[in-house]
Amino acid sequence: MTGRPLRLVLVGMMGAGKTTVGRALAARLGWAFLDLDDLVEQAAGRTVGALFAQEGEAGFRRREEQALAWALALERVVIATGGGVVLSEANRAKLAAEPWVVWLEAPPEELARRLAGPEAAGRPLLAGSVAGAAAEEAVSEAVSMVGASRKLGASPAGGPPDHPPAGLAQRLAQLLQERAGAYAAVARYRIPTAGRPVAAVTEAVLEHLLPAPVPGPADRPGTGTSAQGPHGPSGSVTTAPGPVAAALPPGVPPHARAPSSAPDAAVAPPPAGPGTVPSAATAPRGASSAPAAPAAVAEPDLVIEAGAERYPLWVRPGVVAGTLAGTAGEVGLEALLAAAWTGGVPAGGTPPRGAPDRPGPAAPQAAPGPSDPLASPLAAGPLPEERPAAQPGGRAPVALLASDPVVSALYGRGVARALERAGFRVVRAVVPAGEEAKSLEWASRLYDRLVEAGAGRDAWVFALGGGVVGDLAGFVAATYMRGIAFAQLPTTLLAQVDASAGGKVAVNHPRAKNLIGAFHQPRLVVADPATLATQPQAAYRGGLAEMVKHALLDGEGHLAALEAAVSRLLDRDPHGLAPLIARSVAVKARIVAQDPEERGPRAFLNLGHTFAHALEAAAGYRVPHGDAVAAGLVLALALSERLGMAPAGLAGRVEELLARLGLPVTLAQACREWGAEPPTAAEVLGRLQHDKKNRQGRVRFVLLGAPGQVAVRDDVPEAVVEELVRRSLAGRSPAAGAGRTPA
Numbered sequence: 001m002t003g004r005p006l007r008l009v010l011v012g013m014m015g016a017g018k019t020t021v022g023r024a025l026a027a028r029l030g031w032a033f034l035d036l037d038d039l040v041e042q043a044a045g046r047t048v049g050a051l052f053a054q055e056g057e058a059g060f061r062r063r064e065e066q067a068l069a070w071a072l073a074l075e076r077v078v079i080a081t082g083g084g085v086v087l088s089e090a091n092r093a094k095l096a097a098e099p100w101v102v103w104l105e106a107p108p109e110e111l112a113r114r115l116a117g118p119e120a121a122g123r124p125l126l127a128g129s130v131a132g133a134a135a136e137e138a139v140s141e142a143v144s145m146v147g148a149s150r151k152l153g154a155s156p157a158g159g160p161p162d163h164p165p166a167g168l169a170q171r172l173a174q175l176l177q178e179r180a181g182a183y184a185a186v187a188r189y190r191i192p193t194a195g196r197p198v199a200a201v202t203e204a205v206l207e208h209l210l211p212a213p214v215p216g217p218a219d220r221p222g223t224g225t226s227a228q229g230p231h232g233p234s235g236s237v238t239t240a241p242g243p244v245a246a247a248l249p250p251g252v253p254p255h256a257r258a259p260s261s262a263p264d265a266a267v268a269p270p271p272a273g274p275g276t277v278p279s280a281a282t283a284p285r286g287a288s289s290a291p292a293a294p295a296a297v298a299e300p301d302l303v304i305e306a307g308a309e310r311y312p313l314w315v316r317p318g319v320v321a322g323t324l325a326g327t328a329g330e331v332g333l334e335a336l337l338a339a340a341w342t343g344g345v346p347a348g349g350t351p352p353r354g355a356p357d358r359p360g361p362a363a364p365q366a367a368p369g370p371s372d373p374l375a376s377p378l379a380a381g382p383l384p385e386e387r388p389a390a391q392p393g394g395r396a397p398v399a400l401l402a403s404d405p406v407v408s409a410l411y412g413r414g415v416a417r418a419l420e421r422a423g424f425r426v427v428r429a430v431v432p433a434g435e436e437a438k439s440l441e442w443a444s445r446l447y448d449r450l451v452e453a454g455a456g457r458d459a460w461v462f463a464l465g466g467g468v469v470g471d472l473a474g475f476v477a478a479t480y481m482r483g484i485a486f487a488q489l490p491t492t493l494l495a496q497v498d499a500s501a502g503g504k505v506a507v508n509h510p511r512a513k514n515l516i517g518a519f520h521q522p523r524l525v526v527a528d529p530a531t532l533a534t535q536p537q538a539a540y541r542g543g544l545a546e547m548v549k550h551a552l553l554d555g556e557g558h559l560a561a562l563e564a565a566v567s568r569l570l571d572r573d574p575h576g577l578a579p580l581i582a583r584s585v586a587v588k589a590r591i592v593a594q595d596p597e598e599r600g601p602r603a604f605l606n607l608g609h610t611f612a613h614a615l616e617a618a619a620g621y622r623v624p625h626g627d628a629v630a631a632g633l634v635l636a637l638a639l640s641e642r643l644g645m646a647p648a649g650l651a652g653r654v655e656e657l658l659a660r661l662g663l664p665v666t667l668a669q670a671c672r673e674w675g676a677e678p679p680t681a682a683e684v685l686g687r688l689q690h691d692k693k694n695r696q697g698r699v700r701f702v703l704l705g706a707p708g709q710v711a712v713r714d715d716v717p718e719a720v721v722e723e724l725v726r727r728s729l730a731g732r733s734p735a736a737g738a739g740r741t742p743a
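Reading the sequence shown from the start, the letters are residues 1 to 743 in UniProt numbering.
Below you can see the structure in the form of structure tokens.
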């Protein structure tokens with residue numbers, strides 16, 4: 001399975017146990033768990049029932065298609081789909097292309113027994129898919145029968161009655177008949193769940209995904225493969241055609257082989273409806289297996305200086321993801337907030353973990369140990385006074401928690417609970433994924449949420465997500481009541497190593513990106529590498545390109561360390577990533593400390609970006625930023641060599657590193673990988689002439705001598721630039737043609 005997408009998708013009828021088994025599987029695999037209906041609700045801001053009532057089934061299915069597309073872009077995740085997801089032809093095509101789709105099936109009578117309860121009213125299609133008024137009458141009758149059956153003979157434990165109403169089973173049988181063929185068409189494996197405990201079903205699924213038999217429940221009688229029909233014996237495992245995994249998939253921890261020690265509860269769905277959160281939901285890989293942290297809150301990895309302001313940055317696996325997993329031994333998010341508010345984030349001291357190669361007076365400093373006599377609270381905007389405290393009348397200060405639908409579905413509830421424990425009154429806001437959210441319209445909607453909540457000057461805005469969410473949330477914080485506190489909880493690699501530090505926040509204008517903005521430094525940044533486990537590969541490798549850029553700006557030692565860490569970067573182990581992320585963001589922080597408002601050395605961060613921005617614009621923005629930056633870095637280094645600045649071979653060395661990380665190294669490759677037609681050299685060169693950082697009509701290039709030796713030049717011969725651009729657009733390595741240009 002090496003190289004295959006790291007996703008497991010569960011399909012089947014409502015009541016088949018997709019959510020219950022999905023959480024158990026996610027816990028065993030060390031992956032995240034995502035409920036597709038929850039994702040739909042997060043994106044729409046309404047419950048599934050409300051969507052059916054207001055938009056009909058057709059409207060709900062359109063939203064479900066978009067949610068499935070988002071979910072299938074994630075990595076290391078178990079996805080529980082809705083029972084009707086297979087009704088859409090587009091969805092069936094997407095699912096059929098997935099290597100790991102499992103159909104959890106049960107006979108209608110078993111489904112009815114599990115669903116019999118008040119929660120049945122929250123499942124619109126128990127009434128029928130297209131039956132109109134008759135369907136409403138049917139669901140009312142079914143729910144009435146359920147209520148009557150509970151009055152007559154509900155189980156002592158409050159669970160489903162042993163003999164649910166016949167009408168409910170008949171309706172489920174009708175739905176199953178409509179969908180069985182579609183389930184069979186998309187599923188690679190079919191696992192019966194009737195009468196089987198959660199642990200047994202989990203083991204049955206894992207037997208097909210892991211290379212060796214799972215000890216324990218796998219040895220029980222009657223668990224071999226069978227050609228039984230959809231309602232075969234409960235002890236059989238029926239598989240659709242397809243290969244069984246022959247090797248442990250990348251990203252699956254060894255402990256996944258061991259049988260679960262969870263109670264042997266029978267498969268049954270949790271109550272339906274919004275706000276249902278498991279008590280043992282799972283988090284991305286590494287969050288639950290992290291080594292125990294010391295009892296005291298660890299000092300931050302960095303204390304970032306930006307002009308007169310200073311703030312802590314922590315890189316802590318499990319702090320965000322662990323809000324779902326209940327990670328034992330990890331320092332919680334609320335503990336880090338409390339440490340900052342009580343003055344536990346001192347200034348001065350020794351260089352931070354992963355400090356830059358060349359320490360300087362402006363380098364960010366880590367906190368000294370508690371015995372250091374120079375330790376003192378942060379000087380800029382002291383956090384002790386910002387600790388949440390009840391306002392007159394007993395109202396706690398507001399925390400606006402902004403995130404996109406996917407991140408909100410994965411982590412939003414857990415983070416909200418952590419903020420509530422820290423003393424906030426939390427208001428959650430879900431904004432669209434992508435640049436659409438960076439607008440004055442969406443900023444106004446967030447202002448509305450703050451006003452409606454009665455937020456005052458003591459309110460905070462928390463950005464939970466990637467760079468887009470950070471930009472929007474930071475802009476709102478910078479402008480609401482002339483500025484309120486802001487915190488970054490980045491969940492993408494690019495945001496963790498770059499966008500979350502520095503204080504640049506903005507929204508777009510119809511005529512230009514980031515045209516309306518401000519410099520507004522966060523009060524703290526908490527980066528959890530465990531959240532990177534689910535990030536789509538294309539977005540993740542964009543962060544890798546920025547890490548290579550930071551290493552080049554920093555020095556030889558940093559570059560060599562990155563070359564030695566390729567496997568850790570690709571594996572995404574959160575504890576392996578943590579020191580690499582801390583070292584990378586330290587470079588950004590040092591430069592920001594020297595130039596917080598982008599008037600000088602901060603231009604160094606544009607290494608590779610001049611070429612990248614030109615390619616993005618010339619290709620109609622069909623090439624992701626990170627891929628464009630990778631190709632741009634090779635061009636910038638090749639240009640540095642041609643001008644006699646960089647040592648021979650540096651461009652080729654970095655080209656090899658980028659290729660090992662899975663990044664494109666030429667402009668043509670970057671376009672091909674995304675189905676974009678490569679632009680002409682004239683188009684790219686024309687975009688270079690319009691770069692916003694040009695001065696007096698001259699293109700300004702950030703170039704290198706050796707790693708760590710940076711210069712900005714505007715006297716580069718146009719013929720040399722054109723030659724290298726043409727080579728890259730033709731798919732030939734610019735590094736191979738980087739011989740020195742005669743003076």
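C-beta atoms are modelled at their ideal positions from N, C-alpha and C, and glycine is treated no differently.
Buried or exposed by the 16-neighbour rule on C-beta atoms within 10 Å, applied to H558:
The residue given as residue 558 occupies position 558 in the sequence shown. Buried: at least 16 other Cβ atoms inside 10 Å.
Nearest-angstrom Cα distance between R687 and N514?
As a position in the sequence shown, residue 687 is number 687, starting the count at 1. As a position in the sequence shown, residue 514 is number 514, starting the count at 1. Cα to Cα, R687 sits roughly 18 Å from N514.
Using the rule of at least 16 other Cβ atoms within 10 Å of the residue's Cβ for burial, across every protein chain shown, is M14 buried or exposed?
Within the sequence shown, numbered from 1, the residue matching residue 14 stands at position 14. So M14 counts as buried.
Exposed or buried, what is D528 when buried is set at 16 or more other beta-carbons lying within 10 Å of its beta-carbon?
Here the question's residue 528 lines up with position 528 in the sequence shown. When all chains shown are included, D528 counts as buried.
With C-beta atoms as the reference, is A427 less than 8 Å away from V398?
Sequence index remark: in the sequence shown, residue 427 carries index 427 (1-based). Sequence index remark: in the sequence shown, residue 398 carries index 398 (1-based). According to the sequence as given, residue 427 is Val; it is not Ala. A contact, by the Cβ cut-off of 8 Å.
How far does the alpha helix (DSSP H) with D595 in it extend, from its first residue to its last?
On the sequence shown, position 595 is the one that residue 595 refers to. No alpha helix (DSSP H) contains D595, which DSSP labels as neither H nor E.
May I have the straight-line CA-CA distance separating A240 from L95, to the nearest angstrom?
As a first step, residue 240 is located in the sequence shown; it is residue number 240 there, counting from the start. As a first step, residue 95 is located in the sequence shown; it is residue number 95 there, counting from the start. Caution is warranted here: a pLDDT of 36 is assigned to A240, below 50, making its placement in the model unreliable, and the coordinate value is therefore given only provisionally. When rounded, the distance between both Cα atoms is 14 Å.
Suppose the cutoff is 6 Å on Cβ atoms and the five residues either side in sequence are ignored; what does the same chain contact list for A603 look like?
As a first step, residue 603 is located in the sequence shown; it is residue number 603 there, counting from the start. Only V712 meet the Cβ criterion.
Any contact between the stretch 645-663 and the stretch 675-682? By contact I mean 3 or more CB pairs, one from each, below 8 Å.
no
Count Cβ pairs between the stretch 496-506 and the stretch 449-458 that sit closer than 8 Å; are there 3 or more?
no
Could you tell me the distance, in whole angstroms, from the CA atom of G360 to the CA atom of A586?
Taking the sequence shown and counting its residues from 1, the one referred to as residue 360 is at position 360. Taking the sequence shown and counting its residues from 1, the one referred to as residue 586 is at position 586. Note on G360: pLDDT 32, under 50, position unreliable in the model; the coordinate value appears next. If you take the alpha carbons of G360 and A586, they lie about 12 Å apart.
Use the C-beta contact count for R727: other C-beta atoms within 10 angstroms, 16 or more gives buried, fewer gives exposed.
Mapped onto the sequence shown, residue 727 falls at position 727. When all chains shown are included, R727 counts as buried.
Residues bridged to F701 [DSSP beta-bridge criterion]
If you number the sequence shown from 1, residue 701 lands on position 701. F701 is bridged to R713.
Go ahead and pull the three-state DSSP assignment for W674.
Sequence index remark: in the sequence shown, residue 674 carries index 674 (1-based). In the structure shown, W674 sits in coil (DSSP, three-state: anything other than H, G, I, E or B).
Separation of T47 from E41, as counted between CA atoms
If you number the sequence shown from 1, residue 41 lands on position 41. If you number the sequence shown from 1, residue 47 lands on position 47. One alpha carbon belongs to E41, the other to T47, and they sit about 5 Å apart.
For R395, the nearest candidate out of R76, A453, A418 (CA to CA)
What you label residue 395 is simply residue 395 of the sequence shown in a count that begins at 1. For R395, the nearest C-alpha among the options comes from A453.
Can you list, in chain order, the stretches of the alpha helix (DSSP H) that have 4 or more residues and sit fully within the UniProt domain "3-dehydroquinate synthase C-terminal" (543-694)?
Listed in chain order, they are 556-564, 566-571, 574-594, 609-618, 625-642, 650-660, 667-672, 681-689.
Please list the terminal residues of the continuous beta strand (DSSP E) segment that includes E305.
Translated into positions along the sequence shown, residue 305 becomes position 305. Per DSSP, E305 belongs to the beta strand (DSSP E) from 302-306.
Distance, Q521 Cα to P678 Cα
For the purposes of this step, residue 678 is taken as residue 678 along the sequence shown, with counting starting at 1. For the purposes of this step, residue 521 is taken as residue 521 along the sequence shown, with counting starting at 1. Taking the straight line from one Cα to the other gives about 38 Å.
With 16 as the cutoff for other CB atoms within 10 Å, does A648 come out buried or exposed?
If you number the sequence shown from 1, residue 648 lands on position 648. The residue in question, A648, is exposed, as its Cβ has fewer than 16 Cβ neighbours within 10 Å.
For A335 and R316, I'd like the C-alpha separation in whole angstroms.
By 1-based counting over the sequence shown, the position of residue 335 is 335. By 1-based counting over the sequence shown, the position of residue 316 is 316. It is roughly 12 Å from the alpha-carbon of A335 to the alpha-carbon of R316.
Residue interval of the alpha helix (DSSP H) (run including P108)
If you number the sequence shown from 1, residue 108 lands on position 108. 108-115 is the span of the alpha helix (DSSP H), which, as asked, contains P108.
What is the rounded straight-line gap between the Cα of A418 and the Cα of A551?
One-based indexing of the sequence shown puts residue 418 at position 418. One-based indexing of the sequence shown puts residue 551 at position 551. Roughly 34 Å between the two C-alpha positions.
Does the beta-carbon distance from L729 to L667 come in below 8 Å?
Position 729 of the sequence shown, counting from 1, holds the residue named residue 729. Position 667 of the sequence shown, counting from 1, holds the residue named residue 667. Yes, they are a contact pair.
Cβ-Cβ separation, L635 to V548 (assumed contact under 8 Å), whole Å
For the purposes of this step, residue 548 is taken as the residue at position 548 of the sequence shown. For the purposes of this step, residue 635 is taken as the residue at position 635 of the sequence shown. Not quite, the Cβ-Cβ distance comes to about 14 Å (not below 8 Å), so this is no contact.
Contact check, V102 vs A187, beta carbons under 8 Å
Within the sequence shown, the letter at position 102 stands for residue 102. Within the sequence shown, the letter at position 187 stands for residue 187. Yes, these two residues count as a Cβ contact at 8 Å.
Give the straight-line distance between the Cα atoms of R113 and E57, rounded to the nearest whole angstrom.
Locating residue 113 in the sequence shown gives position 113, where the first residue counts as 1. Locating residue 57 in the sequence shown gives position 57, where the first residue counts as 1. C-alpha separation (whole angstroms): 25 Å.
Using DSSP with H/G/I as helix, E/B as strand and the rest coil, what is W460?
Against the sequence shown, residue 460 aligns to sequence position 460. Per DSSP, reduced to three states, the secondary structure at W460 is strand.
Which same chain residues end up closer than 6 Å to D595 when comparing Cβ atoms and leaving out the 5 residues on each side of it in sequence?
Numbered from its first residue, the sequence shown carries residue 595 at position 595. In chain order, P601, R602 place their CB closer than 6 Å to the CB of D595, counting only its own chain and leaving out the 5 sequence neighbours on each side.
Alpha carbon of V699 to alpha carbon of L639, nearest angstrom
Reading the sequence shown from its first residue, position 699 is the one you call residue 699. Reading the sequence shown from its first residue, position 639 is the one you call residue 639. Answer to the nearest angstrom: the Cα atoms are 13 Å apart.
Suppose the cutoff is 7 Å on Cβ atoms and the five residues either side in sequence are ignored; what does the same chain contact list for N508 look like?
Along the sequence shown, read from residue 1 onward, the residue named residue 508 stands at position 508. Taken in chain order, the residues that qualify are E435, K438, S439, N514, L515.
Rounded straight-line distance, which links the Cα of R413 to that of E420
Numbered from 1 along the sequence shown, position 420 holds the residue referred to as residue 420. Numbered from 1 along the sequence shown, position 413 holds the residue referred to as residue 413. Distance between the alpha carbons of E420 and R413 is about 11 Å.
So, using beta-carbon positions, are W100 and L209 closer together than 8 Å?
Working through the sequence shown from its first residue, we reach residue 100 at position 100. Working through the sequence shown from its first residue, we reach residue 209 at position 209. Yes.
Near E655, what residues of its chain come up, given a Cβ to Cβ distance below 7 Å and the 5 sequence neighbours on each side ignored?
Mapped onto the sequence shown, residue 655 falls at position 655. Cβ within range, chain order: V634, V665, S733, A735.
With DSSP run on the structure shown, which of helix, strand or coil describes A735?
Residue mapping note: residue 735 aligns to position 735 of the sequence shown, counting from 1. It is helical.
When DSSP builds the beta bridges, which residues end up paired with W103?
Here residue 103 corresponds to residue number 103 of the sequence shown, with the count starting at 1. W103 is bridged to V11, R190.
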